[in-house]
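Undergrad: Handing you this structure, nothing more for now.
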Amino acid sequence: MATREWSCMCGNFKGEVTGEPNLAVWCHCEQCRQQTGAPMELGIFEKLEAKSGDDDLISYEHTEGSGVQRKSCKKCGSFCYKLIGDTKVAPLGSLSGEAIKPTCNIFVADKGSHAVMAPDLPQHDGFPA
């Protein structure tokens with residue numbers, strides 16, 4: 001089973017994911033677009049573990065009571081991961097190793113007018129069933 005590491009830009013936070021993502025997506029939701037200025041490439045993993053620097057992350061809940069916690073490094077500002085309830089989500093572009101390609105687009109109803117989507121990937125208004 002493959003293990004991949006990732007870190008924030010300053011290296012204070014380090015994490016590790018084991019295995020392939022359950023779901024790899026381009027997310028077009030308003031929150032991801034606000035955070036990155038573009039759709040975000042995300043992977044949902046069973047095993048996502050902070051190895052160091054987790055205590056130095058800022059936790060932000062975009063909508064109170066939503067259960068979505070975005071974790072960012074308070075030193076460099078890098079987005080490190082997010083929790084959606086108990087579901088762990090990591091930005092695919094920051095993982096080491098061979099690239100993981102998204103398999104679908106989600107929250108396409110929220111996409112910005114500038115968004116260009118790959119026509120060969122399925123499109124979903126929310127999370128796929």
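In our numbering, the protein residues as written are 1 to 129.
We treat Cβ as the ideally placed atom computed from N, Cα and C, and that holds for glycine.
Source: prediction; values computed, not measured.
#1: Going by DSSP, which residues form a beta bridge with Cys-73?
#2: Per DSSP, which residues does Arg-33 bridge with? Please list them.
#3: By the 10 Å Cβ neighbour count, where 16 or more other Cβ atoms means buried, how is Asn-105 classified, buried or exposed?
#4: Helix, strand or coil: which one does DSSP assign to Val-11?
#5: What residues are listed by DSSP as bridge partners for Leu-42?
#6: Starting from Ser-52, trace the beta strand (DSSP E) in both directions and tell me its first and last residue.
#7: Spatial neighbours of Gly-93 within its chain, please: C-beta separation below 6 Å, excluding the five flanking residues on both sides.
#8: Let me know the secondary structure DSSP gives Val-68 once reduced to three states.
#9: So, for Ser-52: in the same chain, excluding its five sequence neighbours on each side, which residues have a beta-carbon less than 6 Å away from its beta-carbon?
#10: Note down the Cα distance separating Leu-48 from Ile-100, rounded to an integer number of angstroms.
#11: Kindly give me the distance between the Cβ atoms of Thr-2 and Glu-20, rounded to whole angstroms, as I take these residues to be in contact under 8 Å.
#12: State the CB to CB distance for the pair Val-68 and Lys-82, rounded to an integer number of angstroms; the pair is presumed to be in contact (CB under 8 Å).
#13: Inspect the beta-carbon positions of Cys-32 and Cys-76 and report whether they are closer than 7 Å.
TA: Straight from the coordinates:
#1: For Cys-73, which the question treats as bridged, DSSP gives the partners Leu-57.
#2: Arg-33 is not bridged to any residue.
#3: Of the residues assessed, Asn-105 falls on the buried side of the cut-off, its CB having 16 or more other CB atoms within 10 angstroms.
#4: In the sequence on display, residue 11 carries Gly and not Val. Gly-11 falls in the coil class under three-state DSSP.
#5: For Leu-42, which the question treats as bridged, DSSP gives the partners Val-25, Pro-91.
#6: Per DSSP, the continuous beta strand (DSSP E) segment holding Ser-52 begins and ends at 47-52.
#7: Taking C-beta separations shorter than 6 Å and ignoring five residues to either side along the sequence, the partners of Gly-93 in its chain run Glu-41, following chain order.
#8: Looking at Val-68 - three-state DSSP - the assignment turns out to be strand.
#9: Lys-14, listed in sequence order.
#10: Answer to the nearest angstrom: the Cα atoms are 15 Å apart.
#11: First, the residue type needs correcting, since residue 2 is Ala and not Thr in the sequence shown. With a contact defined as Cβ atoms closer than 8 Å, Ala-2 and Glu-20 qualify at about 7 Å.
#12: Your pair Val-68 and Lys-82 checks out as a contact, with CB atoms roughly 6 Å apart and the cut at 8 Å.
#13: Contact: no.
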